[in-house]
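Here is the structure we will look at.
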Amino acid sequence: MPINKEEYTKLQQIFADELERVSELVALEALEQTYFSRASGSFTALMKELGTLSPEERKVRGQELNQLKNELMSQLAAKRADLEAKTLGDIAESEAIDVTQPLLPAKEPGHIHPISQVQAILEDLFTSMGFMVLDGPELEDDYHNFEALNYRFNHPARDSQDTFYIKNHSDWLMRTHTSPVQIRGLKKYGAPLRAIVPGRCFRNESTDARHEHTFYQLEGLAVDKVISVAHMKGVLEAVAKCLYGNKTEVRMRPKFYPFVEPGVNGEVTCFLCHGDGCHVCKHTGWMEIFGAGMVHPNVLKAGGIDSKKYTGFAFGLGLTRLVMLKYGIEDVRHLQSGDMRFLEQF
Ligand code: FA5
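In terms of numbering that gives the first Met the number 0, the sequence shown has 124 at position 125, counting the first letter as 1, and numbering is strictly consecutive.
Right, dumping it as structure tokens:
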């Protein structure tokens, strides 16, 4: 049988006592569930018992129980407002700044991270050649990271760039390269265009001395009416000589990337063995630092450019690798370790 008047008052009292003892939002949620959870709340069970009464009795008791429910709910809401205000107050107190405190003795000044140092050198070099510096989102969509770059859905080349996906958003991913900004840049600025894009990239792959799951690239794109492979080679040699000196050699060998045709893989002589072969360059004497090629007509089209009028070259420099080469760092994982003993050397 549903509760009578006496039990009604008792329940009010018990609820009030339990509410009084609650001092945290988590406990308040738990109390609400104990009484009102759809599956097992004790108050919900009382409401369900109304079904056993005659229609007249159900009407009267139903009204009483609904009134009681509204009362208990508004007490819960008032308590929640109190606790939220208190939590905010606690945060404000713990984060308060004492503006009267005298200056603390100066700590050692910081300095620019080696990756930012090389990025700045390259931004100077490229702006002097008429390139603009662009930025793009690290959280990309499948269209810009793959589809618009001529990687059709299920294209096997996607396997070489596995990444981190976002739960419940199957279309979102952490960009695997800076190349999606080719599309964004072309759409925004049209042709002719000369742009570089330094930025962070992500890949789901096992790490070793040359591979990190999070690393930096520097993308380059030049689109104009008479762009050829010779322009691309000239620009990439200028990068290698600017960073490592005039004697540095660059070699390019064919490599497939869906968004360029022809595509190349570019290497420079190893910083450690100067071409003799060592563990860093896997005994080849060369270190791979970029991918490049002539922009594929499908990519120009996706960027809104007439591929019959314009051609272009693009490259993706492994910025992290450039830093390793410049400073003779034998393991890429030092760079973002946050270890001051390492960082203080630069
Ligand atoms: C690309 O990412 C292409 N987007 C480059 C490109 C751009 C080609 C424009 C053509 C035109 P790839 O996966 O080869 O290509 O990476 C380019 C460079 O990034 C590599 O040469 C390497 O230096 C660097 N790199 C790639 N993966 C890692 C990693 N896990 N850790 C550190 N550096 C990496």
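C-beta atoms are modelled at their ideal positions from N, C-alpha and C, and glycine is treated no differently.
Computed from a predicted structure; not experimentally measured.
According to DSSP, residues forming a beta bridge with residue i
i: Gln216; result: Gly198 and Gly317
i: Ala221; result: Arg193 and Phe312
i: Asn264; result: Arg252 and Gly290
i: Asp207; result: His210
i: Tyr164; result: Leu172
i: Val259; result: Val294
i: Met131; result: Ala194
i: Leu138; result: Met173
Enclosing beta strand (DSSP E) for residue i [first to last residue]
i: Ile288; result: Trp285 to Val294
i: His385; result: Absent from the model: residue 385. The displayed extent of the chain is 0 to 345, so no value can be given.
i: Val249; result: Val249 to Pro253
Other residues of its chain near residue i: CB distance less than 6 angstroms, five sequence neighbours each side excluded
i: Met251; result: Val263 and Gly265
i: Glu248; result: Thr268
i: Arg147; result: At residue 147 the sequence reads Ala, which differs from the Arg that was named. Taken in chain order, the residues that qualify are Ile182 and Ala301.
i: Asp161; result: Asn203
i: Phe201; result: Thr162, Phe163, Met173 and Thr213
i: Lys9; result: none
i: Gly198; result: Thr177
i: Phe341; result: His333
Contact set for residue i: own chain, Cβ-Cβ below 7 angstroms, skip 5 residues either direction
i: Tyr150; result: Ala156, Arg157 and Pro257
i: Phe145; result: Arg157
i: Asn297; result: Asn149
i: Ser41; result: Thr33 and Tyr34
i: Ile226; result: Thr310, Gly311 and Phe312
i: Phe37; result: Here the sequence assigns Arg to residue 37, which means Phe is not the residue at that position. Thr43.
Proximity winner among the options, relative to residue i (alpha-carbon distances)
i: Ile304; options: Leu185, Ala229 and Tyr243; result: Leu185
i: Asp170; options: Asp140, Cys272, Pro179 and Gly198; result: Asp140
i: Phe130; options: Tyr188, Glu137 and Glu107; result: Tyr188
i: His154; options: Asp275, Phe255 and Ala38; result: Phe255
i: Met72; options: His112, Thr99 and Gln11; result: Gln11
i: Leu242; options: Pro253, Ile114, Ala76 and Arg37; result: Ile114
i: Gly290; options: Gly315, Lys308 and Asn297; result: Gly315
i: Leu220; options: Met173, Phe42 and Pro179; result: Pro179
i: Val259; options: Gly284, Lys58, His295 and Met286; result: His295
i: Arg79; options: Lys4, Glu31, His282 and Gln160; result: Glu31
i: Thr177; options: Gln216, Asp161, Leu67 and Glu204; result: Gln216
i: Met348; options: Phe125, His230, Ile120 and Gly337; result: The chain is shown from 0 up to 345; residue 348 falls before or after that span and cannot be answered.
i: Gly135; options: Thr175, Pro261, Leu67 and Lys166; result: Thr175
i: Lys224; options: Thr310, Arg199, Asn245 and Glu92; result: Thr310
i: Ser205; options: Ser159, Glu343, Val228 and Arg37; result: Ser159
i: Met26; options: Pro253, Leu75 and Ile90; result: Note that residue 26 is Ala in the sequence shown, not Met. Comparing Cα-Cα distances from Ala26 to each of Pro253, Leu75 and Ile90, the minimum goes to Leu75.
i: Ala77; options: Gly274, His282 and Ala15; result: Ala15
i: Lys166; options: Leu138, Leu121 and Met46; result: Leu138
i: Ile288; options: Glu343, Glu218 and Phe341; result: Glu218
i: Lys307; options: Asp81, Val222 and Ile13; result: Val222
Limits of the unbroken alpha helix (DSSP H) element including residue i
i: Glu48; result: Ser41 to Glu48
i: Met72; result: Pro54 to Ser93
i: Arg20; result: Lys4 to Arg20
i: Ser179; result: The question names Ser, yet the displayed sequence has Pro at residue 179. Counting along the chain, the alpha helix (DSSP H) containing Pro179 begins and ends at Pro179 to Tyr188.
i: Gln118; result: Pro113 to Ser127
i: Gly233; result: Val228 to Tyr243
i: Thr33; result: Leu24 to Phe35
i: Arg340; result: Met339 to Leu342
Contacts around residue i, its chain only, beta-carbon distance under 8 angstroms, and the 5 residues preceding and following it disregarded
i: Glu63; result: Tyr7
i: Gln335; result: Glu211 and Thr213
i: Leu280; result: It should be noted that the sequence gives Cys, not Leu, for residue 280. So the qualifying residues of the chain are Cys269, Leu271, Cys272 and Met286.
Validate contact between the stretch 230-245 and the stretch 314-323 using beta carbons, cut 8 angstroms, 3 pairs: These segments touch.
So does the stretch 5-24 actually touch the stretch 76-90, counting three or more Cβ pairs closer than 8 angstroms? Counting C-beta pairs closer than 8 angstroms gives three or more between the stretch 5-24 and the stretch 76-90, which meets the contact rule.
With contact counted as at least three CB pairs below 8 angstroms, one residue from each stretch, are the stretch 206-213 and the stretch 325-345 in contact? By the criterion of at least three beta-carbon pairs nearer than 8 angstroms, the stretch 206-213 is in contact with the stretch 325-345.
Counting pairs of Cβ atoms below 8 angstroms between the stretch 193-201 and the stretch 120-139, do you hit three or more? Yes, the stretch 193-201 is in contact with the stretch 120-139.
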